[in-house]
Amino acid sequence: MIGRPRGRQLGLRAKVTLSFAGGGLALSATLAIGTYLVARNYLVDQRESAALGQGFADASFVREGLLTAGTPVSDVLGTVVPPADSVLLVHQDGEWYSSSLTLGEDVVPPPLVEQVEAGAAGLVWARPDDGAAVVVGVPVPVVGAEFYEVVSTPELERTLDTLLIVLSAFALLTTVGGALLGRYAARRVLAPLEVVAGAAARIAGGELQTRLPITEDPELVTIIGSFNSMVDALAERIERDARFTADVSHELRSPLTTLTTSVHVMQGRRDELRPRAQQALDLMAGELDRFGSVLEDLLELGRLDAGTGGQVRAVVDARELVRHALAVSGRPLTLLSDSSRPGEELGIEVDKQQLNRALVNLFSNADLHGEGLVAVHVRGASRSVVIEVDDGGPGVGVADRDRIFERFVRGGSRGSLPGAGLGLSLVAETLRAHGGSVRCGERPGGGARFSVRLPLAGVGQVAS
Amino acid sequence: MGPRLLVVEDDDGIRASLRLALQDEGYDVVDSASAEAGLEVLSQGPVDLMLVDLMLGGMDGFTFIRTVRPGSDAPIIVLSARDDTHDIVAALEAGADDYVTKPFQLKEVTARLRALRRRGGRPAPAPEPAPDVVTIDAEQRLLLDPGAGRVRRADDDVHLTVTEYRLLCELASPPGRVLSRQALLESVWDRGFFGDERIVDVHVRRLRTKIESDASHPRLVVTVRGLGYRLDTR
Chain L
-6 MIGRPRGRQL GLRAKVTLSF AGGGLALSAT LAIGTYLVAR NYLVDQRESA
44 ALGQGFADAS FVREGLLTAG TPVSDVLGTV VPPADSVLLV HQDGEWYSSS
94 LTLGEDVVPP PLVEQVEAGA AGLVWARPDD GAAVVVGVPV PVVGAEFYEV
144 VSTPELERTL DTLLIVLSAF ALLTTVGGAL LGRYAARRVL APLEVVAGAA
194 ARIAGGELQT RLPITEDPEL VTIIGSFNSM VDALAERIER DARFTADVSH
244 ELRSPLTTLT TSVHVMQGRR DELRPRAQQA LDLMAGELDR FGSVLEDLLE
294 LGRLDAGTGG QVRAVVDARE LVRHALAVSG RPLTLLSDSS RPGEELGIEV
344 DKQQLNRALV NLFSNADLHG EGLVAVHVRG ASRSVVIEVD DGGPGVGVAD
394 RDRIFERFVR GGSRGSLPGA GLGLSLVAET LRAHGGSVRC GERPGGGARF
444 SVRLPLAGVG QVAS
Chain E
23 MGPRLLVVED DDGIRASLRL ALQDEGYDVV DSASAEAGLE VLSQGPVDLM
73 LVDLMLGGMD GFTFIRTVRP GSDAPIIVLS ARDDTHDIVA ALEAGADDYV
123 TKPFQLKEVT ARLRALRRRG GRPAPAPEPA PDVVTIDAEQ RLLLDPGAGR
173 VRRADDDVHL TVTEYRLLCE LASPPGRVLS RQALLESVWD RGFFGDERIV
223 DVHVRRLRTK IESDASHPRL VVTVRGLGYR LDTR
């Protein structure tokens, strides 16, 4: 599979989740701020009008007291019993009188003093040491004094603080809720997409019969229909390509047989030919061998593609198989290095001819691209048999180790050598058909090592 | 003149080149482009060996083999595509002795022909010392007479093909020995390690239908699971 580009880009699911969370936050924050402001205005208005009313009432009481001649201001203030949170202040003849021992004229903001001295009642918010307070000023011109009442409002502060906390918590909850909803919605919306992605991955993996289930959902009918017909078209095309290759190679069998047989006749009568004709015959024979080998590879690949390969399975000993593969390809048996334990059974259930072809292809690859076959190791591994084919070449670069098993990929640096590049792909496909695998790695000490792994046949099945 | 070889092949190129090559190998080649023409050739006189393509226009190779088999015990080698793995078994069951897959090298064909020919050409004058007659099944009065090169049940000859006879001889020398498919492939068909073991299995089945009293419950040529076959004389 092709690797997906991974960047800082957010996934669709994350985007939907974030949008929902953002929307939830915006909505809940607007609501919360609005609610807070309205509530705050209302409460403040209420508090102000209450303070004003109380201020005027207390002012008139103080005026009555002061009108009684001779009564000192502090006595008058003593007779007034203001509510617990209020402090009364009187400014007369440049002197300040307070009903509290701690609060003095400092709490009254100078602008209010000026306003009241000018003869107009007023109200301002002030900030004495502990929390907010409303200061109401009322002129009392009859006695040449100004009356101030400082009403501190701790309960208003507390109410507003609580409201702020509740609304913030609400906004936070709404945001989290939005994110969860977004996640859920994204999952619901993306679920069909995931089904499509899964199906596409299976198809890419070779399961061409995979189709999406037909749905009634009007939103999905089109995409599922298009997807399925696309896969139909793809499968048909792949099948047509495979059939074409198979048909072509089948068609080539008869002419090739005639050619090789005729060349065989000419080789038998080589002495009757002039030297130039003999040279031409040798060239022809050599190329026919190559042609035949490529055609055999193609036919074998076609068989594997069609799934008709591996029909003639028999249990054989892996060491025997390697020995015969070396023998039929004219290589010395001393190349076999038997690393199995004494008496170890290395039976594998294979199509002998196919496996032989795969092994000989690996040997030829070592000769053509790896400066010669160095050794073939056979050993048992857990429930499998490992055959390692070592060459003495420069090895295969890490980047090419998978690529070389694709069809028609030649060794890059030595592309002029014979071999159409089918050999290694045939090896890979043959092993896949046998439930095994082939891997290209590094030989200790340099060179390439192709490791073939095949499942061990059931114990006791090895034919004597 | 060498052994008489009938080639039945509808591809003109293959047929003509096979004739040239096999004549050079010393065979007396008669060829025919169809099964019908091949039957015509056989009606004029016996041949020693046959090379038959399975895919023929008109009558196919299977029918041809089934038609000639009762009257001829000459070895038949079929030419087939290796993909048609069921065809190969079907051809062997019809009575073919061995097969070669296309595209083939001539040396594969000559090797097959030589292997089957070497065992044929009976009944040769008894080599000395004459091998003993083996009683295979006393109940059926079934005897293998290697000296005379035949198998008899009571007073009649049991009709075996050359290869079936060779297989029985191999199993009977001496009886009671387990022979692996690989060993039989080597000794009877001269096939090496890469030979197809199904050839042995099909021939054993064919042999059983001819010598066993109940071929579905063989008591003479028995299968030894995982090892091969054994002849149990009774």
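Taken in sequence, the protein lines are chains L and E.
The working numbering puts the first sequence at residues -6 to 457.
The working numbering puts the second sequence at residues 23 to 256.
Using N, Cα and C, we set each Cβ at its ideal position, and we do this for glycine too.
Since the model is a prediction, treat every value here as computed from it, not as a measurement.
In terms of residue numbering, what span does the alpha helix (DSSP H) encompassing residue i cover?
| i | result |
| --- | --- |
| residue 248 of chain L | 211 to 261 |
| residue 465 of chain L | Nothing about residue 465 of chain L can be read from this structure; chain L reaches only from -6 to 457. |
| residue 245 of chain E | First-last for residue 245 of chain E: 243 to 246, but that is the beta strand (DSSP E), not the alpha helix (DSSP H). |
| residue 107 of chain L | 103 to 110 |
| residue 171 of chain L | 147 to 197 |
| residue 418 of chain L | 416 to 426 |
Please classify residue i: is it buried, with 16 or more other beta-carbons within 10 angstroms of its beta-carbon, or exposed?
| i | result |
| --- | --- |
| residue 119 of chain E | buried |
| residue 475 of chain L | The structure shown does not extend to residue 475 of chain L, since chain L is modelled only from -6 to 457, so the question has no answer here. |
| residue 140 of chain L | buried |
| residue 23 of chain E | exposed |
| residue 151 of chain L | exposed |
| residue 221 of chain E | buried |
| residue 239 of chain E | exposed |
| residue 108 of chain E | exposed |
| residue 273 of chain L | exposed |
| residue 297 of chain L | buried |
| residue 349 of chain L | buried |
| residue 156 of chain E | buried |
| residue 83 of chain E | buried |
| residue 375 of chain L | exposed |
| residue 86 of chain E | buried |
| residue 34 of chain L | exposed |
Using a cut-off of 7 Å between C-beta atoms, extract the partners of residue i located in chain L.
| i | result |
| --- | --- |
| residue 127 of chain E | 253 |
| residue 219 of chain E | 307 |
Shorter than 9 Å from the beta carbon of residue i to some beta carbon of chain L?
| i | result |
| --- | --- |
| residue 245 of chain E | no |
| residue 39 of chain E | yes |
| residue 136 of chain E | no |
| residue 61 of chain E | no |
| residue 33 of chain E | yes |
| residue 203 of chain E | yes |
| residue 103 of chain E | yes |
| residue 107 of chain E | yes |
| residue 124 of chain E | yes |
Answer yes or no: the CB of residue i versus the heavy atoms of the ligand GDP, is any distance below 8 Å?
| i | result |
| --- | --- |
| residue 49 of chain L | As for the ligand GDP, it is missing from this structure, which has no ligand bound. |
Give the residues of chain L in contact with residue i, contact being defined as C-beta atoms less than 8 Å apart.
| i | result |
| --- | --- |
| residue 36 of chain E | 247, 250, 251 and 254 |
| residue 27 of chain E | Going along chain L, no residue has its Cβ under 8 Å from residue 27 of chain E, so there is no contact; the nearest lies around 14 Å. |
| residue 46 of chain E | 258, 261 and 262 |
So, does the CB of residue i fall closer than 9 Å to a CB anywhere in chain E?
| i | result |
| --- | --- |
| residue 289 of chain L | yes |
| residue 461 of chain L | No statement about residue 461 of chain L is possible, as the shown extent of chain L runs from -6 to 457 and does not include it. |
| residue 447 of chain L | no |
| residue 285 of chain L | yes |
| residue 427 of chain L | no |
| residue 505 of chain L | Lying outside -6 to 457, the shown extent of chain L, residue 505 of chain L is not represented and no answer is given. |
| residue 370 of chain L | no |
| residue 243 of chain L | yes |
Going along chain L in order, which residues have a C-beta closer than 9 Å to the C-beta of residue i?
| i | result |
| --- | --- |
| residue 43 of chain E | 254, 255, 257, 258 and 261 |
List, in order along the chain, the chain E residues whose C-beta lies closer than 9 Å to that of residue i?
| i | result |
| --- | --- |
| residue 191 of chain L | Within 9 Å Cβ-Cβ: nothing; residue 191 of chain L doesn't reach chain E, min ~34 Å. |
| residue 349 of chain L | 215 and 216 |
Could you tell me which residues DSSP pairs with residue i in its beta bridges?
| i | result |
| --- | --- |
| residue 85 of chain L | L/88 and L/138 |
| residue 118 of chain L | L/127 |
| residue 342 of chain L | L/308 |
| residue 378 of chain L | L/373 and L/447 |
| residue 218 of chain E | Paired residue(s): none; residue 218 of chain E is not in a bridge. |
| residue 250 of chain E | E/246 |
Does residue i have its Cβ less than 9 Å from a Cβ in chain B?
| i | result |
| --- | --- |
| residue 221 of chain L | As a matter of chain content, chain B is missing from the structure shown, whose protein chains are L and E. |
Residue i versus chain E: which residues are under 7 Å apart at the beta carbon?
| i | result |
| --- | --- |
| residue 271 of chain L | Within chain E, no residue comes near residue 271 of chain L; the closest Cβ sits about 17 Å away, beyond 7 Å. |
| residue 346 of chain L | 216 |
Where does the unbroken beta strand (DSSP E) through residue i begin, and where does it stop?
| i | result |
| --- | --- |
| residue 366 of chain L | 366 to 374 |
| residue 170 of chain E | Where residue 170 of chain E is concerned, there is no enclosing beta strand (DSSP E), given that its DSSP letter is neither H nor E. |
| residue 448 of chain L | 441 to 448 |
| residue 397 of chain L | Run containing residue 397 of chain L: none; DSSP gives neither H nor E here. |
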